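Visitor: Take this structure first; my questions come after.
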Amino acid sequence: MKVICPQCKKEHSIDESKIPATAKVAQCKACGYRFFLQRAKHSEPEDQASLPAYPRRIGVTLSKGGVGKTTTSVNLAAGLALAGFKVLLVDTDTQGQAAYLLGQKTQVGLTELVTGELPAEETIVQARENLWLLAGGRSLAGIKRLIDRKDFGGELTLLEALESVEKHYDYVIVDTSPGWDPLTVNVLFYVNELITPVSLEVMTLQGLVEFLKSLSSVQKYRSEVALNYILPTFLDNRVKNPRAILDRLKELYGDLICTPIRYNVRLSEAPAYGKTIYEYAPGSHGSLDYRELVRKISGNPKLFL
Ligand SMILES: Nc1ncnc2c1ncn2[C@@H]1O[C@H](COP(=O)(O)OP(=O)(O)O)[C@@H](O)[C@H]1O
Ligand SMILES: [Mg+2]
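Numbered per our numbering, the sequence shown spans residues -6 to 298.
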C-alpha cells in the first residue's frame, strides 16, 4: 500500500500485512508528521489527501450553561485517550473546570500559551496516558481583553497559538464557556467540527436555534466549521417530556443527533474525586453512554466492545 504524507508529500510503500489491525495513526519517517491512516478499500495514495484535517479539531459548545459541555469534553477526551489516540483537551472557560474534573491542580495553561509567557511545552500538563490538558481559568479574562485590543485578526488568536502545538495530537477537544464572547468566536475560527450538548431536562431547543444563528454568522467567514453532532444529555427515561424533546430534535436534525447521554448521578459525583467516569464508575450508564459517543466520533463501532 502506498501512503503519501499530507505534510511533506513523501510517498511511503508499506506492507499492509505488517500494520497492526488496531493502528489508526501513521507517522511520517521523513518529517515526523502524524496523520490518520486510511487503508483497505481506501488505500490508494490520493485518498490520503482527502482525509479529514489532522489533527481533528472538535469544539464542544452551546451558549447555554449547565448542559453537559465540560462533562462531555472531559469524558470524550479521556475516552479517546483510552482508545489509544493522543488527545489535547483545551479549556477556554474562565471557570477552569476541566482541570478540576481531571484532578489537576495546574497553575498554568492556555493563557500562558497565548501570551507566550511560557514555552508551549510548559503550558501543557499530561493528565493521563495519552491525554494532555491546556487548562483554562480566571486568567483567560486577560486573553479576552488582548483579543479585543487587536485592530484586526483578533478572531485568529487561538488558532495561531494552538497551531504551534497541535501536531503532536490526533484530537484537539475544546471546551467552551457559556455565553458568546471573543473566546467563543476564536474557538469557532479554530475547530472544524462541533458537538453541541442539548439538555433534555429543560427546554433548550431555543438555545440551540440561537446558537445556530450565531454559528452561521461565523460560517460566512469560515465555512470549514460545521455542527456535526448534537448530543442530547440528561435523558431521564422515567419522565415523559424529555422523550418528546428528543423526538422533536430527531425530526428537526435527523442524523446529527447522537445516542443520548442518560441522566446519571455518577457523572455528577465523579468530579469531586478528580476522576473520569471510566475511572469512577466504569459500569455506570454514564460510562456506557460516553463510550458510545467515543465510538461515534472515532468512527470505530468496535471500540471497547
Ligand atoms: N448526564 C448527566 N447526568 C447527571 N449529571 C450530569 C450529567 N452531565 C453533567 N452532569 C452534571 O451537571 C452539571 C453541569 O454539567 P457541566 O458539564 O458542567 O455543564 P456545562 O459545562 O455545560 O456548564 C455538573 O454538576 C455535572 O456534573
Ligand atoms: Mg462548563
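Cβ coordinates follow ideal geometry from the N, Cα and C atoms, glycine included. None of the values given here were measured: they were computed from a predicted structure.
Is any non-hydrogen atom of ligand 1 found closer than 8 Å to the C-beta of R268, if you look at the structure I gave you?
Guide: Reading off the sequence, residue 268 comes out as Lys, not Arg. It does not: the Cβ of K268 is nowhere closer than 8 Å to a heavy atom of ligand 1.
Visitor: State the Cα-Cα distance for the pair V180 and V167, rounded to the nearest angstrom.
Guide: Rounded to whole angstroms, V180 to V167 spans 7 Å at the Cα level.
Visitor: In the DSSP assignment, the alpha helix (DSSP H) including D141 goes from what residue to what residue?
Guide: Its alpha helix (DSSP H) spans residues 133 to 142.
Visitor: Does the stretch 69 to 84 come close enough to the stretch 205 to 213 that 3 or more CB-CB pairs lie under 8 Å?
Guide: Cβ pair count under 8 Å is below three, so no.
Visitor: Using the beta-carbon count (16 or more within 10 Å), is R57 buried or exposed?
Guide: The amino acid at residue 57 is misidentified as Arg; the sequence shows Lys. Flag for K57 reads buried.
Visitor: Measuring only from the beta carbon, is L55 closer than 8 Å to any heavy atom that is part of ligand 1?
Guide: For ligand 1, at least one heavy atom lies less than 8 Å from the Cβ of L55.
Visitor: Return the residue from the list C1, S157, T65 that minimises the CA-CA distance to F28.
Guide: Of C1, S157, T65, the residue nearest in Cα terms is C1.
Visitor: Which residues in the same chain have their Cβ closer than 7 Å to the Cβ of N257, if we skip the five residues on either side of it in sequence?
Guide: Once the five neighbours on either side are set aside, the close Cβ partners of N257 are S277, H278, G279.
Visitor: Should T63 go down as buried or exposed, given a rule of 16 or more other Cβ atoms within 10 Å for buried?
Guide: Burial call: buried.
Visitor: Let's test the definition: count the other Cβ atoms within 10 Å of the Cβ of S10 and tell me whether it reaches 16, buried, or not, exposed.
Guide: Classification for S10: exposed.
Visitor: Using 8 Å as the threshold, is the stretch 137 to 152 in touch with the stretch 116 to 127, meaning 3 or more CB pairs across them?
Guide: As far as the Cβ criterion goes, the stretch 137 to 152 does not touch the stretch 116 to 127, which means the pair count is below three.
Visitor: So, with DSSP's three-state summary, where would you put F182?
Guide: Coil at F182, not helix or strand.
Visitor: Closer than 7 Å by C-beta to E37: which residues in its own chain qualify, once you throw out the five before and the five after it? Chain order, please.
Guide: Because E37 sits at a pLDDT of 46, beneath the cut-off of 50, its placement in the model cannot be relied upon, and the point is left open.
Visitor: Determine the closest residue to E244 out of I223, S261, N230, with distance taken between C-alpha atoms.
Guide: When only C-alpha atoms are compared, the closest one is I223.
Visitor: According to the neighbour-count rule (16 or more other Cβ atoms, all chains shown, within 10 Å of its Cβ), is V218 buried or exposed?
Guide: Buried: at least 16 other Cβ atoms inside 10 Å.
Visitor: Does the Cβ-Cβ distance between K295 and R288 come in under 9 Å?
Guide: Cβ distance < 9 Å, so K295 and R288 count as in contact.
Visitor: Helix, strand or coil for T65? Go by DSSP, reduced to three states.
Guide: It is helical.
Visitor: Regarding G292 and ligand 2, is the C-beta to nearest heavy atom distance less than 8 Å?
Guide: Not so, every heavy atom of ligand 2 lies at least 8 Å from the Cβ.
Visitor: Taking 8 Å as the limit between beta carbons, can you name the residues of its chain near L205, skipping five residues before and five after?
Guide: These residues qualify, in order along the chain: L220.
Visitor: Apply the 10 Å Cβ neighbour rule to Y214 and answer buried if 16 or more other Cβ atoms are within range, or exposed otherwise.
Guide: Counting Cβ neighbours within 10 Å, Y214 comes out exposed, since fewer than 16 surround it.
Visitor: Please identify the residue among T226, P(-1), L94 whose C-alpha is closest to the C-alpha of E272.
Guide: Considering only alpha carbons, the answer is L94.
Visitor: Using DSSP with H/G/I as helix, E/B as strand and the rest coil, what is A14?
Guide: Three-state result, A14: coil.
Visitor: Can we count T100 as close to ligand 1, meaning its CB is less than 8 Å from some heavy atom?
Guide: Per the sequence presented here, residue 100 reads as Gln, with Thr not at that position. Result no, Cβ not under 8 Å from ligand 1.
Visitor: For H35, name the three-state secondary structure that DSSP assigns.
Guide: Residue confidence is low: H35 scores 43 on pLDDT, short of 50, so the model does not pin down where it sits. Its coordinate-derived value is still stated next. Of the three classes helix, strand and coil, the one that applies to H35 here is helix, per DSSP.
Visitor: Can you tell me whether K3 is buried or exposed? The criterion is at least 16 other CB atoms within 10 Å of its CB, across all chains shown.
Guide: Flag for K3 reads exposed.
Visitor: By Cβ distance, which residues of its chain are closer than 6 Å to R49, with the 5 residues on each side in sequence left out?
Guide: Result list for R49: Y164, in chain order.
Visitor: CA-CA distance, L249 and L281?
Guide: Going by the C-alpha atoms only, they are around 20 Å apart.
Visitor: Measure the alpha-carbon distance for A91 versus K(-5) and round it to whole angstroms.
Guide: Whole-angstrom Cα-Cα distance: 40 Å.
Visitor: Indicate whether the contact test is met: 3 or more Cβ pairs, each with one atom in the stretch 96 to 105 and one in the stretch 225 to 234, closer than 8 Å.
Guide: With the cut-off at 8 Å, the stretch 96 to 105 and the stretch 225 to 234 do not touch.
Visitor: Short of 7 Å in beta carbon distance, which residues of its chain neighbour I270, apart from the five on each side in sequence? Order them along the chain.
Guide: Excluding residues within five positions, the ones whose Cβ falls inside 7 Å are N68, R259, L260, A263, S277, G279, S280, Y283.
Visitor: Quick one: Cα of A16 to Cα of N234, how far?
Guide: The straight-line gap from Cα to Cα measures roughly 43 Å.
Visitor: Between S216 and Q88, how many whole angstroms is the CB-CB distance? I'm expecting something under 8 Å.
Guide: Wrong, their Cβ atoms sit about 31 Å apart, outside the cutoff.
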